[in-house]
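So the protein sequences, as listed, match chains A and B. Residue 2 is where the first sequence starts when you use the numbering used here, and the numbers rise one by one after that. Residue 55 is where the second sequence starts when you use the numbering used here, and the numbers rise one by one after that. For glycine and all other residues, C-beta sits at the position ideal for the given N, C-alpha and C. Computed from a predicted structure; not experimentally measured. Okay, structure first, notes after.
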Amino acid sequence: EPEVTQTPSHQVTQMGQEVILRCVPISNHLYFYWYRQILGQKVEFLVSFYNNEISEKSEIFDDQFSVERPDGSNFTLKIRSTKLEDSAMYFCATQADRAGVNYGYTFGSGTRLTVV
Amino acid sequence: AQTVTQSQPEMSVQEAETVTLSCTYDTSESNYYLFWYKQPPSRQMILVIRQEAYKQQNATENRFSVNFQKAAKSFSLKISDSQLGDTAMYFCAFMRGGANSKLTFGKGITLSVRP
Numbered sequence: 002e003p004e005v006t007q008t009p010s011h012q013v014t015q016m017g018q019e020v021i022l023r024c025v026p027i028s029n030h031l032y033f034y035w036y037r038q039i040l041g042q043k044v045e046f047l048v049s050f051y052n053n054e055i056s057e058k059s060e061i062f063d064d065q066f067s068v069e070r071p072d073g074s075n076f077t078l079k080i081r082s083t084k085l086e087d088s089a090m091y092f093c094a095t096q097a098d099r100a101g102v103n104y105g106y107t108f109g110s111g112t113r114l115t116v117v
Numbered sequence: 055a056q057t058v059t060q061s062q063p064e065m066s067v068q069e070a071e072t073v074t075l076s077c078t079y080d081t082s083e084s085n086y087y088l089f090w091y092k093q094p095p096s097r098q099m100i101l102v103i104r105q106e107a108y109k110q111q112n113a114t115e116n117r118f119s120v121n122f123q124k125a126a127k128s129f130s131l132k133i134s135d136s137q138l139g140d141t142a143m144y145f146c147a148f149m150r151g152g153a154n155s156k157l158t159f160g161k162g163i164t165l166s167v168r169p
C-alpha cells in the first residue's frame, strides 16, 4: 500500500534555529496538509496546499511557518525561528482527487520535533 | 465553524468484550464526512472507519462499526471482540465535503484493553 514518508522521524533543535520537516506524498495525490499534535493534546490543522499554493491556514500558521514543494516531490514545512512551544509531533497528510468523493487522508508517520 | 466533542477522556474494556466510544459534532454543512482515527503508542495516525453524511447506512469495517445519528449529530464507534492491539488513542474527526478540506479533530479518548 502506498505510504506518505516523513523525515526525519525525530529532530532536536535549539530555540531560535530554523528547521525543515520533509514529506514525500503519494505520487498521484494532489492535496497536501500539515498537522501538529502537542504531546497529550488533540491534532490541530496547520495548513493545506494545492497546485503550489496555500489553500487554507490556521491561526497557528504565522509568519514563522512556510510550506513549499520545490521539486515536485518533497513537500516541506519550515519553521524559521523555533520556540519551545513548537515542540510537537508534526504530521504530513496527503489526499487524492477522486471525482469529488472524499476518502480521507493518508497520514505520514510523523516527525517529533523537540526544541530545547 | 465545525466542532467535534469527545467528552470521555479514558475508557477501559476487558479483552473480547465490546466497547463504544462516543463523539458528537456540530456543523451547518449538509455534505460532510466523519472519521475515526486510531493512534497507537507509535503515534502513527491510522484510519479506522469512515462515514459519508448522505448515507443512512452505518459503516462497518470488520470488528469496527459506527452508530451515525445525523439528526442528533452523534457518531459513536463500536469495537467488538476487543483485542490487546486495540489499545490506543482514538480520535473522531469531521471533514466537509469536497476535496482539499481540512480535518477537525476531537480531543481523543484513550482506550485500554485489559487482558
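Output, in sequence order along the chain, the residues in the segment 84–115 of chain A whose CB is closer than 9 Å to any CB in chain B. Met90, Phe92, Ala94, Gln96, Ala97, Asp98, Arg99, Gly101, Val102, Asn103, Tyr104, Gly105, Tyr106, Thr107, Phe108, Gly109, Ser110, Gly111 and Arg113
For Glu19 (chain A), the three-state DSSP class (helix, strand or coil): coil
Just the Cα atoms here: how many angstroms apart are Thr74 (chain B) and Leu22 (chain A)? 36 Å
CB-CB length for Leu85 (chain A) against Trp35 (chain A), believed under 8 Å: Actually they are not in contact, since the Cβ atoms of Leu85 (chain A) and Trp35 (chain A) sit about 19 Å apart, beyond 8 Å.
If you draw a straight line from the C-alpha of Gly109 (chain A) to the C-alpha of Met99 (chain B), how long is it? Across the structure, Gly109 (chain A) and Met99 (chain B) are spaced so that their CA atoms are roughly 8 Å apart.
Range covered by the beta strand (DSSP E) that runs through Arg37 (chain A): Start and end: Tyr32 to Gln38.
In angstroms, rounded to a whole number, what distance separates the CA positions of Lys58 (chain A) and Leu47 (chain A)? 6 Å
CB contact check: Phe159 (chain B) to chain A, cutoff 9 Å: At least one chain A Cβ lies under 9 Å of Phe159 (chain B).
Can you list, in chain order, the residues of its chain whose CB lies under 8 Å from that of Pro3 (chain A), leaving out five sequence neighbours each side? Ile27, Ser28 and Thr107
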